[in-house]
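First comes the structure, then the notes that go with it.
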Amino acid sequence: MPLRRWLQSRHATSSLRDAVRQSEIGIIGLGVLAGLFSGVLAALLGLAARGLHWLLFGPESAHGLSVLQGAEPLVLLLAPATGGLLLGLLGLGLARWRPRQPIDPIEANALHGGRMSLWDGVVVGAQNLLSNGFGASVGLEAAYTQAGGGVASRLGRAFGLRRGDLRLLVGCGAAGAIAASFNAPLTGAFYAFELVIGSYAIAHLAPVLGAAVAGTAAGALIGGGTPVLSAAGLGAPDWGDGGLALAIGLLCGLAAIALMRGVTLVEGGLRRAVPWAWLRPAIGGLAVGGLAQVTPGVLSAGHGALHLTFVVEGSALPLLVLLLLKALASAISIGAGFRGGLFFASLLLGALVGKLAVVPAAWLGITIDPLLAAIIGMSAFGAAVIGAPLAMTFIALETTQSFAVAGVVVVAVIVSATTVRRLFGYSFATWRFHLRGEAIRSAHDIGWLRDLTVGKLMRREVRTVRDDTRISSFRREFPLGSVTHVVALDSAERYAGLILVAEAHAPELAESDTVAGLVHLKDQVLLPALNAKQAMALFDATDAEALAVVEQKDTSRVLGLLKASYLLRRYSEELDKRRQDELGMPA
Numbered sequence: 007m008p009l010r011r012w013l014q015s016r017h018a019t020s021s022l023r024d025a026v027r028q029s030e031i032g033i034i035g036l037g038v039l040a041g042l043f044s045g046v047l048a049a050l051l052g053l054a055a056r057g058l059h060w061l062l063f064g065p066e067s068a069h070g071l072s073v074l075q076g077a078e079p080l081v082l083l084l085a086p087a088t089g090g091l092l093l094g095l096l097g098l099g100l101a102r103w104r105p106r107q108p109i110d111p112i113e114a115n116a117l118h119g120g121r122m123s124l125w126d127g128v129v130v131g132a133q134n135l136l137s138n139g140f141g142a143s144v145g146l147e148a149a150y151t152q153a154g155g156g157v158a159s160r161l162g163r164a165f166g167l168r169r170g171d172l173r174l175l176v177g178c179g180a181a182g183a184i185a186a187s188f189n190a191p192l193t194g195a196f197y198a199f200e201l202v203i204g205s206y207a208i209a210h211l212a213p214v215l216g217a218a219v220a221g222t223a224a225g226a227l228i229g230g231g232t233p234v235l236s237a238a239g240l241g242a243p244d245w246g247d248g249g250l251a252l253a254i255g256l257l258c259g260l261a262a263i264a265l266m267r268g269v270t271l272v273e274g275g276l277r278r279a280v281p282w283a284w285l286r287p288a289i290g291g292l293a294v295g296g297l298a299q300v301t302p303g304v305l306s307a308g309h310g311a312l313h314l315t316f317v318v319e320g321s322a323l324p325l326l327v328l329l330l331l332k333a334l335a336s337a338i339s340i341g342a343g344f345r346g347g348l349f350f351a352s353l354l355l356g357a358l359v360g361k362l363a364v365v366p367a368a369w370l371g372i373t374i375d376p377l378l379a380a381i382i383g384m385s386a387f388g389a390a391v392i393g394a395p396l397a398m399t400f401i402a403l404e405t406t407q408s409f410a411v412a413g414v415v416v417v418a419v420i421v422s423a424t425t426v427r428r429l430f431g432y433s434f435a436t437w438r439f440h441l442r443g444e445a446i447r448s449a450h451d452i453g454w455l456r457d458l459t460v461g462k463l464m465r466r467e468v469r470t471v472r473d474d475t476r477i478s479s480f481r482r483e484f485p486l487g488s489v490t491h492v493v494a495l496d497s498a499e500r501y502a503g504l505i506l507v508a509e510a511h512a513p514e515l516a517e518s519d520t521v522a523g524l525v526h527l528k529d530q531v532l533l534p535a536l537n538a539k540q541a542m543a544l545f546d547a548t549d550a551e552a553l554a555v556v557e558q559k560d561t562s563r564v565l566g567l568l569k570a571s572y573l574l575r576r577y578s579e580e581l582d583k584r585r586q587d588e589l590g591m592p593a
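Take the position in the sequence shown, starting the count at 1, then add 6; the result is the number in our numbering.
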């Protein structure tokens, strides 16, 4: 009886999985569930970070580390260094027990079909809490999206989702996490579309928006989010504001490039100066602590400083000092190895750039509301660094609740994003991938192409012949119509070239001659690790109908044969599947 009940339960579970993964409503339901879980995790991570701030810096940190007042200078100096030391020691342990680099949602969707590990979320969450919680100039968004994407991926794999649906669900997890952290469902949804899924599709709208709304509700219920300050009530912008938005967008684009380059310079300098990777975060933390002696605005993500920038009017010099020191602290933190991102730091830096732009505008007789300029700069800088222009437009909309303001923000966002794309070519996330040697420009699915290798596509049953075989013997062994290509081997059984059977049956050939004179493509071979795109490039270069696959070029042991027609057909089939997934079409 227990066995029968177990079989019945297993059958019911299997039926449920089939019903969910084959139904659009089921995918929407999974998306909402993923967003809910992600929102809960993001809120809990936010509360944990605040708890660390309170424990280390005192009750005054409740208003934000970046506006901390009356803190002990020694605490400000040593807390980030202590967090860096703990982070370095954690890195030593991970290098020994779990050396694999965590896979973030963008990389997972681009290369691994949405497959993420829950343990990666635990690792990144711990690293990010040690970084942000001890005052390093990084945000928690990396932990939010890692945890949300990991839970969503695990949920999707439990239901056996197809590759495209699993990638979509990872996007839902990221949407719920970001929406919860900023109390901004549209921002979370379009963050997922632009960064984690890599495309928009009508069929994807319901699950992603559902996830974002669910994540926002969970974050609001638990209270761990830190929304951008509400700036409702701004007046409608005029044409002069639109012109200044162009200038702010250009300034933000150039400043964002400088910031991303600065991270790389700091990282390279520390690698040369400090050979011990585990010690670099402590040294970087000490530098951040030194900058905090000038202003606490450099600490942590900068929520308090952003709120202060929005609501307080002041002279340009303090804004300029905070801008330079915050940018330097962020570059040092990321370059030294602290875990986190530049999401919120880019919002603060952009708001400071926007407010500073008001000063020269006033010299030229152009009047603009400083709060409007701060919001324009916030979105423009965020779009330049993060690479999500629509998400940054929606964060302005959800902050101001004004479509007129969002219209002006779009101008600045377009200019900043275009400036970065034309002069730099990467967002911060894809720039980091580029430095690691990964050819990822977005979350577009290219992992399937890497999986479609020559070794998987080749035909292993290959007919071979020695290159000193007489043509008469060759004709008897390989009559017309039997095969089209035969691999020629030399006396050492190494690859010597390809022979076309039809050429060997040409009447003008003497039967006493050897087939060595009929050998083609002696130096043109494929390796099993090449992907389909690389193989097609070689076929185009050689204008060949088939190529031999060898183990490696120095030994030339033949493994198989691949025809161009079969390669093109398989590539087209897989490409069509990926396009259907991106458009949300059924398989």
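All C-beta atoms in this analysis are idealised placements derived from N, C-alpha and C, irrespective of residue type, glycine included.
Item, Value
"Is DSSP giving Arg482 helix, strand or coil here?", "helix"
"Relative to the C-alpha of Thr612, which residue among Ala397, Ala522 and Met266 is closest?", "This structure does not reach residue 612, given that the chain is present from 7 up to 593, and the question cannot be answered."
"To the nearest angstrom, report how far apart Lys539 and Ala149 are at their CA atoms.", "35 Å"
"With DSSP collapsed to three states, give me the class of His69.", "helix"
"Note down, in chain order, each residue of its chain lying with its Cβ closer than 8 Å to the Cβ of Gln14, except the 5 sequence neighbours on either side.", "Note that Gln14 has pLDDT 47, beneath the 50 cutoff, so the model's placement of it is unreliable and the number below is only indicative. Nothing listed; no residue qualifies."
"Return helix, strand or coil for Arg372, following the three-state DSSP convention.", "Note that residue 372 is Ile in the sequence shown, not Arg. Residue state, collapsed to three classes: coil."
"Compute the Euclidean distance between the alpha carbons of Leu84 and Leu215, then round it to the nearest angstrom.", "42 Å"
"Mapping the DSSP letters down to three states, classify Leu565 as helix, strand or coil.", "strand"
"Mind checking Phe409: buried by the 16 CB within 10 Å criterion, or exposed?", "exposed"
"Mapping DSSP to helix, strand and coil, what is Arg121?", "coil"
"Measuring straight from C-alpha to C-alpha, what distance separates Val564 and Met542?", "19 Å"
"Label Ala593 either buried or exposed according to how many other C-beta atoms from any shown protein chain fall within 10 Å of its C-beta, with 16 as the threshold for buried.", "Any reading at Ala593 is ruled out, since the residue's pLDDT is 49, under 50, leaving its predicted position unreliable."
"With DSSP as the reference, please indicate the residues paired to Ile505 in a beta bridge.", "Val492"
"Find the nearest neighbour of Val157 within the set Asp110, His526, Gln133 and Gly275, judged by alpha-carbon distance.", "Asp110"
"Quick test of the definition: if touching needs 3 or more C-beta pairs under 8 Å, does the region 382-399 touch the region 245-256?", "yes"
"So Val73 and Ala311 are in contact, right, with Cβ under 8 Å, and what is the actual spacing, rounded?", "6 Å"
"Which of helix, strand or coil does DSSP assign to Ala207?", "coil"
"Please determine, among Gly360, Val304 and Ala412, the residue with the shortest C-alpha to C-alpha distance to Leu348.", "Val304"
"Can you say whether Thr373 is buried or exposed, counting buried as having 16 or more other CB atoms within 10 angstroms of its CB?", "exposed"
"Between the Cα of Phe196 and the Cα atoms of Asp171, Ala218 and Ala264, which residue gives the shortest distance?", "Ala218"
"Going by beta-carbon coordinates alone, are Gly90 and Phe350 separated by less than 8 Å?", "no"
"Which of the three DSSP states, helix, strand or coil, is assigned to Val556?", "strand"
"Between the beta-carbon of His210 and the beta-carbon of Leu174, is there less than 8 Å?", "yes"
"Give the straight-line distance between the Cα atoms of Glu514 and Val521, rounded to the nearest whole angstrom.", "14 Å"
"What residue does the beta strand (DSSP E) around Arg472 start on, and which one ends it?", "Thr470 to Arg472"
"Spell out the partners DSSP gives Arg476 in its beta bridges.", "Thr520"
"Let me know if Lys528 comes out buried or exposed under the rule of 16 or more other beta-carbons within 10 Å of its beta-carbon.", "exposed"
"Give the secondary structure of His511 by DSSP, where H, G and I count as helix, E and B as strand, and everything else as coil.", "coil"
"Let me check understanding here. Comparing Cα to Cα, which of Ser497, Gly487 and Gln530 lies closest to Glu509?", "Gly487"
"Assess, as a yes-or-no matter, whether the region 408-424 is touched by the region 266-278 under the definition of 3 or more beta carbon pairs within less than 8 Å.", "no"
"Pick helix, strand or coil for Leu74, following the three-state DSSP scheme.", "coil"
"Smallest Cα separation from Arg476: which of Leu370, Leu524 and Arg465?", "Leu524"
"Give the single residue among Ser352, Tyr432 and Ala367 whose Cα lies nearest to the Cα of Ile651.", "Absent from the structure is residue 651, since the part of the chain shown begins at 7 and ends at 593."
"Could you say if the region 454-463 and the region 568-585 meet the contact criterion of at least three C-beta pairs nearer than 8 Å?", "yes"
"What residue range is occupied by the uninterrupted alpha helix (DSSP H) comprising Pro324?", "Ala322 to Ala342"
"Nearest-angstrom Cα distance between Val300 and Ile263?", "25 Å"
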